[in-house]
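Undergrad: According to this note's numbering, the residues represented by the sequence shown are 131 to 461, in order.
The beta-carbon is built from N, C-alpha and C at its ideal position, and this holds for glycine as well.
Sending over a structure as structure tokens; questions will come in a sec.
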Amino acid sequence: MDSDDEVERIPYSESKEWADVKPVPQDDGSNPVVPIAYKDDFREAMDYFRAVYLSDERTPRSLQLTAEVIQLNAGNYTVWHFRRLILESLGADLREELKFIERIAKSNSKNYQIWHHRRWVAEKLGTEATTIELEFTKKILFPDAKNYHAWSHRQWVLQALGGWEGELDYCHQLLEDDIFNNSAWNQRYFVVTRSPVLGGLEAMRASEVKYAVEAILTNPENESPWRYLRGLYKGDNQSLICDPQVSVVCLKVLNSTTNRVFALGLLLDLLCYGFHPSEDFKNAVEGSAVFEPDHPKSDLATTVCSVLEREDPMRSNYWMWRKSNLPPQVL
């Protein structure tokens, strides 16, 4: 609650506006084991809320009461529900309601009830809320780029209300600011695969592969663009192994960096999908492999797994499992 509101607040029990209402206290039973020590202002606000809720009073004063209760506890879903009933009954200005929600969200940006209510209001307003909602989520994401609620709401807005035109540029800007922003990578994939104005994944694949490759070469230790690159070929392994951009970036990283885990992981998948590696790949991998004396060299896929066991110790058991389950055609 704003400090000005706290100074001007008059207890409901002393307000002439509420003189006709009999507050309804919380019923914890005759002998509560651990009664909650509510603050006086919260207890009083809830007592008066119960009164108007039980009498189904959908008036401006009830609307104002729900605002105060929400400021005291933004997680009370019953209060939010009743507020929606009042807004509908009064035909209230929903643009003003969006402003109210934004004020509450400043300190409660991960509150489920706020986002549910926000979606309800935006849905009522329709396409006139599109720009407002996209800007609102930008404000929330600026200090907290991984806020799941904001991303979920933004995706709903795009699908339900539109606004796709500038979304790819927005994702690019976020990645320019932080190339490790996996939420922005996820949103970019969402846009590329769902936007009705871009033509779909097939139409965007070539340019997006180029985008991902550039990001990989900028920082090969960033897992996000590697995952993004794979996603561009989801369900189409043949295209993945046949695209020279994929094998070329894989080989470049294998030859030029010390942390090659993601490149090795991609190579392993390529081999399992039927990729036929050149001698350059074999040299890049076997150059760092450790072979026991008098032990014949393994096939490339097995060698890759062995190298990954050593270079990615956190997931060594996973790579051991992969090695024991290699498809026959790569052995």
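Alpha carbon to alpha carbon, how far is asparagine 367 from tyrosine 403?
TA: Straight-line Cα distance between these residues: approximately 6 Å.
Undergrad: Check whether the Cβ atoms of serine 237 and lysine 276 sit closer than 7 Å, and answer yes or no.
TA: Contact flag unset, no.
Undergrad: For glycine 330, name the three-state secondary structure that DSSP assigns.
TA: Three-state DSSP puts glycine 330 in coil, outside helix and strand.
Undergrad: Using the C-alpha atoms, what's the distance from tyrosine 142 back to glutamine 156?
TA: Glutamine 156 and tyrosine 142: Cα-Cα distance of roughly 16 Å.
Undergrad: Given that a residue counts as buried once 16 or more other Cβ atoms are within 10 Å of its Cβ, and exposed if not, what is asparagine 311?
TA: So asparagine 311 ends up on the buried side.
Undergrad: Using the Cβ count rule (16 or more neighbours within 10 Å means buried), how would you classify glutamine 317?
TA: Glutamine 317 should be labelled buried.
Undergrad: Give the single residue among Glu441, Leu398, Leu264 whose Cα lies nearest to the Cα of glutamine 459.
TA: Glutamine 459 has its Cα closest to that of Leu398, out of Glu441, Leu398, Leu264.
Undergrad: Is leucine 255 helix, strand or coil when you go by DSSP?
TA: DSSP places leucine 255 in helix when its eight states are reduced to three.
Undergrad: So, glutamate 439 versus tryptophan 451, is the Cβ gap smaller than 7 Å?
TA: Result no, Cβ atoms of glutamate 439 and tryptophan 451 do not sit closer than 7 Å.
Undergrad: Tell me, to the nearest whole angstrom, how far the beta carbon of isoleucine 371 is from that of phenylalanine 405; I am working on the premise that it is less than 8 Å.
TA: With a Cβ gap of about 4 Å, isoleucine 371 and phenylalanine 405 count as contacting.
Undergrad: Between which two residues does the alpha helix (DSSP H) harbouring histidine 211 extend?
TA: Looking at the DSSP string, the run of the alpha helix (DSSP H) that includes histidine 211 is 207 to 220.
Undergrad: Return helix, strand or coil for arginine 139, following the three-state DSSP convention.
TA: Of the three classes helix, strand and coil, the one that applies to arginine 139 here is coil, per DSSP.
Undergrad: Nearest to tyrosine 207 by CA position, among Leu304, Trp245, Tyr358, is which residue?
TA: Looking at the Cα atoms, Trp245 is the closest of the given residues.
Undergrad: Would you call the CB atoms of glutamate 263 and alanine 252 closer than 7 Å?
TA: Yes. Within cutoff.
Undergrad: If you follow the alpha helix (DSSP H) that tryptophan 356 is in, where does it begin and where does it stop?
TA: Element bounds for tryptophan 356: 353 to 361.
Undergrad: For valine 343, which residues in the same chain have their Cβ closer than 6 Å to its Cβ, ignoring the five residues on either side in sequence?
TA: Within the same chain, valine 343 has close Cβ partners Gln375, Val379.
Undergrad: Who are the near neighbours of glycine 292 in its chain, counting only those whose CB is closer than 7 Å to its CB and skipping five residues on each side?
TA: Cβ neighbours of glycine 292 beyond the five flanking positions: Thr257, Thr260.
Undergrad: Rounded C-beta distance between tyrosine 358 and tyrosine 300? I'm assuming under 8 Å.
TA: Actually they are not in contact, since the Cβ atoms of tyrosine 358 and tyrosine 300 sit about 16 Å apart, beyond 8 Å.
Undergrad: Check whether the Cβ of glycine 205 lies closer than 6 Å to any heavy atom of the ligand GTP, and answer yes or no.
TA: In the structure shown, the ligand GTP is absent, as is every other ligand, since no ligand is present at all.
Undergrad: Looking at C-alpha atoms only, which residue of Ala204, Arg213, Leu220 is the closest neighbour of arginine 233?
TA: Cα-wise, what sits closest to arginine 233 is Ala204.
Undergrad: May I have the straight-line CA-CA distance separating tryptophan 294 from valine 327, to the nearest angstrom?
TA: Tryptophan 294 and valine 327: Cα-Cα distance of roughly 7 Å.
Undergrad: Report the rounded CA-to-CA distance for aspartate 170 versus valine 182, giving the unit in angstroms.
TA: Spanning the two alpha carbons is a distance of roughly 19 Å.
Undergrad: Exposed or buried, which one is histidine 302 when buried takes at least 16 other CB atoms within 10 Å?
TA: With fewer than 16 other Cβ atoms within 10 Å, it is exposed.
Undergrad: Taking C-alpha atoms, which residue in Glu441, Pro457, Asn447 lies nearest to aspartate 429?
TA: Among Glu441, Pro457, Asn447, the Cα nearest to that of aspartate 429 belongs to Pro457.
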